[in-house]
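One structure below.
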Amino acid sequence: MTQHTFDQFLFVGLPYVCLVIFFLMTIYRYRTQSFSYSSLSSQFLENKQHFWAVVPFHYGVLIVTAGHLLAFLVPRSILIWNTHPLRMFILEVSALAFGFLTLLGMIGLIVRRLGNPKVRAVTVLSDWVLFALLLIQVVLGVSIAVFHPWGAGWFSASLAPYLWSVFLLRPDPTYVAAMPWLVKLHVILAFVIVGYFPFTRLVHVLVIPNPYLWRKTQVVRWYSRR
Amino acid sequence: MNIRSQVSMVFHLDKCIGCHTCSIACKNVWTDRKGAEYMWWNNVETKPGAGYPTTWEDQDKYKGGWEVNGDGKLRIKSTGKLRVVPNIFHNPHMPSMDDYYEPWTYEYEKLFDAPEGADQPIAEPISMVTGKKMSVEAGPNWDDDLGGSPIYAANDPNLNGLTEEQKLQLMSVERLVFFYLPRICNHCLNPVCVASCPSGALYKRGEDGIVLIDQNRCRAWRSCVAACPYKKTYFNWFTGKSEKCILCFPRLETGQAPACFHSCVGRIRYLGVLLYDAERLEEVAKMPDDELVEAQRSMILDPHDPKIIHEARRCGISDDVIESAQRSPVYKFVMEWKIALPPHIEYRTLPMLFYVPPLSPVQASQNGDVVTHTSENLFHDIDNSRVPLKFLANLLGAGHEGPVRYALAKQKAVRWHRRAETVGDVDRELADRMLREADCSREEADAIYRLTSLCTFEDRFVIPPMAREQAIEMMKDPLQEKAETGFGFVGGMRKGL
Numbered sequence: 201m202t203q204h205t206f207d208q209f210l211f212v213g214l215p216y217v218c219l220v221i222f223f224l225m226t227i228y229r230y231r232t233q234s235f236s237y238s239s240l241s242s243q244f245l246e247n248k249q250h251f252w253a254v255v256p257f258h259y260g261v262l263i264v265t266a267g268h269l270l271a272f273l274v275p276r277s278i279l280i281w282n283t284h285p286l287r288m289f290i291l292e293v294s295a296l297a298f299g300f301l302t303l304l305g306m307i308g309l310i311v312r313r314l315g316n317p318k319v320r321a322v323t324v325l326s327d328w329v330l331f332a333l334l335l336i337q338v339v340l341g342v343s344i345a346v347f348h349p350w351g352a353g354w355f356s357a358s359l360a361p362y363l364w365s366v367f368l369l370r371p372d373p374t375y376v377a378a379m380p381w382l383v384k385l386h387v388i389l390a391f392v393i394v395g396y397f398p399f400t401r402l403v404h405v406l407v408i409p410n411p412y413l414w415r416k417t418q419v420v421r422w423y424s425r426r
Numbered sequence: 444m445n446i447r448s449q450v451s452m453v454f455h456l457d458k459c460i461g462c463h464t465c466s467i468a469c470k471n472v473w474t475d476r477k478g479a480e481y482m483w484w485n486n487v488e489t490k491p492g493a494g495y496p497t498t499w500e501d502q503d504k505y506k507g508g509w510e511v512n513g514d515g516k517l518r519i520k521s522t523g524k525l526r527v528v529p530n531i532f533h534n535p536h537m538p539s540m541d542d543y544y545e546p547w548t549y550e551y552e553k554l555f556d557a558p559e560g561a562d563q564p565i566a567e568p569i570s571m572v573t574g575k576k577m578s579v580e581a582g583p584n585w586d587d588d589l590g591g592s593p594i595y596a597a598n599d600p601n602l603n604g605l606t607e608e609q610k611l612q613l614m615s616v617e618r619l620v621f622f623y624l625p626r627i628c629n630h631c632l633n634p635v636c637v638a639s640c641p642s643g644a645l646y647k648r649g650e651d652g653i654v655l656i657d658q659n660r661c662r663a664w665r666s667c668v669a670a671c672p673y674k675k676t677y678f679n680w681f682t683g684k685s686e687k688c689i690l691c692f693p694r695l696e697t698g699q700a701p702a703c704f705h706s707c708v709g710r711i712r713y714l715g716v717l718l719y720d721a722e723r724l725e726e727v728a729k730m731p732d733d734e735l736v737e738a739q740r741s742m743i744l745d746p747h748d749p750k751i752i753h754e755a756r757r758c759g760i761s762d763d764v765i766e767s768a769q770r771s772p773v774y775k776f777v778m779e780w781k782i783a784l785p786p787h788i789e790y791r792t793l794p795m796l797f798y799v800p801p802l803s804p805v806q807a808s809q810n811g812d813v814v815t816h817t818s819e820n821l822f823h824d825i826d827n828s829r830v831p832l833k834f835l836a837n838l839l840g841a842g843h844e845g846p847v848r849y850a851l852a853k854q855k856a857v858r859w860h861r862r863a864e865t866v867g868d869v870d871r872e873l874a875d876r877m878l879r880e881a882d883c884s885r886e887e888a889d890a891i892y893r894l895t896s897l898c899t900f901e902d903r904f905v906i907p908p909m910a911r912e913q914a915i916e917m918m919k920d921p922l923q924e925k926a927e928t929g930f931g932f933v934g935g936m937r938k939g940l
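These protein sequences, in sequence, are chains G and C.
If you count the first sequence from 1, position 62 lands on 262 in my numbering, and the numbers rise without skipping.
If you count the second sequence from 1, position 164 lands on 607 in my numbering, and the numbers rise without skipping.
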């Protein structure tokens, strides 16, 4: 296999396969198995370590993901922001900090799952696979931040165009093919996680409770009228 | 006026013998399956006692219910619209399994499989969560009948405000006294579990007021478990969904009493419709503590009043339901006789399960076996009762003795009146004086006596026609569905995908 077809497979074929699986399966699962959409919280079984693992992980991963999303959606603004060295430095340091927060939370999650017999009892194979994938992904992310710094800059300049090319159905892997192998792995694994997403507990991300903030306090369901 | 009907309940504590038949009936019908073993939608507690989950009434610890904040707004104690977002990953007021108990079974097969040896084989307890051996440290009735009272019952939050002497009196071996408190979901008018659910999975049924959790919409954010001050929403640790008492709605819809009601040995349970004005909900829920009992009563409407009937029809309540409300035993206990009181109404959820406070241990004499009363105060033994009035008031009167004393006095007057009528060893004039002082006529006393002592099945359960026949056509064999999540699930119960 030539380098070209290899890149085509990893950065064009795989992403599309994963994205198609993601969209089809999440919708199918929501429509046929909405009972299975749950955060499957284990706080009831173990309430103390839970805080120190779940809270750092979620805040870390949410902010880091939001950062990636921002650099994807408005790369130009990120690059303009980075024209000032101090601002670039602030962005770099906070991204790294939240990356480490995610990593610590992730390790906490796994340690808790392994250590507490009750929580282990409700952990199924897909959870372990997911934890493994996420842990590798977070380690890769933090390593990239350490070994290939100033990611906010090069992501916006080189990876955002690649991702846009995928989403606009004009896939062009040349941007990403030139990247260091750590970054390539990170990108590949990201798509794998997206494809695996609908088969895991991760679907709870899609049912975050937004209507709560503006619905009425009490909920009444009428069968006959109103 | 926005009139709604509510299937409401009365538990007559004077008649409860603490047999737990209700709990077993409920357990066998609804919670006999993985993830729900620890749940007791119906449980019976000994009072004074720590209860289940342990000290559930301590809202400084559990933060259940509503509170009125500084600017006069009603707010959920444990969470709120804006607090729900930052706390969604870890609910700070969520009870854990340790607050209930770890469910267990025994290694029964060891009794058969153990190799031959010098000792008898034993069946050791094993956890129903992990499947491993465990040491049993708590259970749903750990302090039943005051078992271990200095350790458990001494923590009863209702003992707050009692003098040391009164507390000692409750616990001292020769004079200790207790009664039972059977509990199910109160199907509140202002349910805080519903209000707290970020997913909108919990709802109150419009037609009958039953509070349910939509299993397909529950996402395990756990807010309801923390918010319910009665701790009557439970988290299924296996399916990752919250569950609660459904007031056996499939039974009610077919005209049968709920399993716990039906099986009640002491016949303490009554069920019937109350009509209420939903428009006044918020106003009533914000009343000061000492006015709450009366305020809730003022929301409940007289189904005999032609104006109310007219208005109820306008609000779409059928004549059948209005007629059912007119025959409701709950209306009699709560509104006509005013001897049934809501538990902990200071939590401001406006519970629709009412308790008749128990007279039996109250009236039992302090010295010897003769009930003494002076002519100055006929209700001497109520005011100096073995269960201090303050304790019952903490449970049923938001800390205020007035409504509780009224209910006890009337019950005592009824007893003396009936004694004068049937045995005749009580002075008729004295009995009449007691009735007068207890705000009760002879006719009313006879009616209370009849509905308390001679009540038939039809008197106790006046079930409104729910007309849901179409919705609950069951095409399945219920026995085949046993130990599964319930009717309507194609693939049975499992976790995640």
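Glycine included, each C-beta is placed from N, C-alpha and C at the ideal position.
Being a predicted model, the structure only gives us computed values, none of them experimental.
Residue i at chain C interface by Cβ criterion, 9 Å
i        : result
G:Ile393 : no
G:Asn247 : yes
G:Pro411 : yes
G:Arg421 : yes
G:Trp251 : According to the sequence provided, residue 251 of chain G is Phe. The question's Trp does not apply to it. Judged by the 9 Å Cβ criterion, G:Phe251 is in contact with chain C.
G:Val329 : no
G:Leu210 : no
G:Ser241 : yes
G:His386 : no
G:Gln418 : yes
G:Phe298 : no
G:Phe397 : no
G:Val338 : no
Paired residues, beta bridge with residue i - DSSP
i        : result
C:Pro625 : C:Val487
C:Ile569 : C:Thr548, C:Lys576
C:His455 : C:Val799
C:Tyr676 : Reading off the sequence, residue 676 of chain C comes out as Thr, not Tyr. Looking at the DSSP assignment, C:Thr676 forms a beta bridge with C:Lys687.
C:Trp509 : C:Ile519
C:Val654 : C:Lys647
C:Ser448 : C:Leu718
C:Phe904 : C:Leu714
C:Leu744 : C:Leu718
Cutoff 9 Å: residue i Cβ touching any chain G Cβ
i        : result
C:Tyr646 : yes
C:Ile915 : For C:Ile915, the pLDDT reaches just 44, beneath the cut-off of 50, and the residue's location in the model is therefore unreliable, although a value from the coordinates is still provided. C:Ile915 does not count as touching chain G.
C:Lys687 : no
C:Phe797 : no
C:Gly649 : yes
C:Ala638 : yes
C:Thr682 : yes
C:Leu802 : no
Supposed contact pair residue j and residue i - C-beta distance, whole angstroms, cut 8 Å
i        : j        : result
C:Val777 : C:Ala768 : Actually they are not in contact, since the Cβ atoms of C:Val777 and C:Ala768 sit about 12 Å apart, beyond 8 Å.
C:Val487 : C:Gly461 : 6 Å
G:Leu330 : G:Leu402 : 7 Å
C:Leu735 : C:Glu789 : 7 Å
C:Leu554 : C:Pro568 : C:Leu554 to C:Pro568, Cβ: 13 Å. No contact.
C:Met537 : G:Asn316 : Not really, about 16 Å apart at Cβ, beyond 8 Å.
C:Leu517 : C:Arg740 : Not really, about 19 Å apart at Cβ, beyond 8 Å.
C:Pro800 : C:Val847 : 6 Å
Local Cβ density within 10 Å of residue i, reported as buried at 16 or more and exposed below that
i        : result
C:Ser828 : buried
G:Met379 : buried
C:Thr817 : Note on C:Thr817: pLDDT 46, under 50, position unreliable in the model; the coordinate value appears next. Exposed: under 16 other Cβ atoms inside 10 Å.
C:Tyr798 : buried
C:Asp475 : exposed
G:Asp327 : buried
C:Glu480 : buried
G:Trp381 : exposed
G:Thr205 : exposed
Query raised in the report: Using Cβ-Cβ distances below 9 Å, what residues of the segment 301 to 326 of chain G are close to chain C?
Result: Result list: Pro317, Lys318, Arg320, Ala321, Val322, Val324, Ser326.
Query raised in the report: Given a limit of 7 Å on CB to CB distance, which residues of the segment 264 to 281 of chain G reach chain C?
Result: Taking 7 Å as the Cβ-Cβ cut-off against chain C, none of the residues of the segment 264 to 281 of chain G qualify.
Requested in this report: Could you name the residues of the segment 527 to 559 of chain C whose beta carbon sits closer than 7 Å to any beta carbon of chain G, in the order they occur along the chain?
Outcome: Against chain G - using a Cβ distance shorter than 7 Å - the residues of the segment 527 to 559 of chain C are Val527, Phe532, His533, Asn534, Met537, Ser539, Met540.
Query - the segment 497 to 531 of chain C: positions lying closer than 7 Å to chain G by Cβ - result: Residues Lys524, Val527.
**Report entry** Contact residues within the segment 572 to 591 of chain C, judged by C-beta distance below 8 Å to chain G
**Finding:** Within the segment 572 to 591 of chain C, the qualifying residues are Val572, Thr573, Gly574, Lys575.
Requested in this report: Report the residues of the segment 215 to 232 of chain G with a CB closer than 7 Å to any CB of chain C, ordered along the chain.
Outcome: Flagged, chain order: Arg229.
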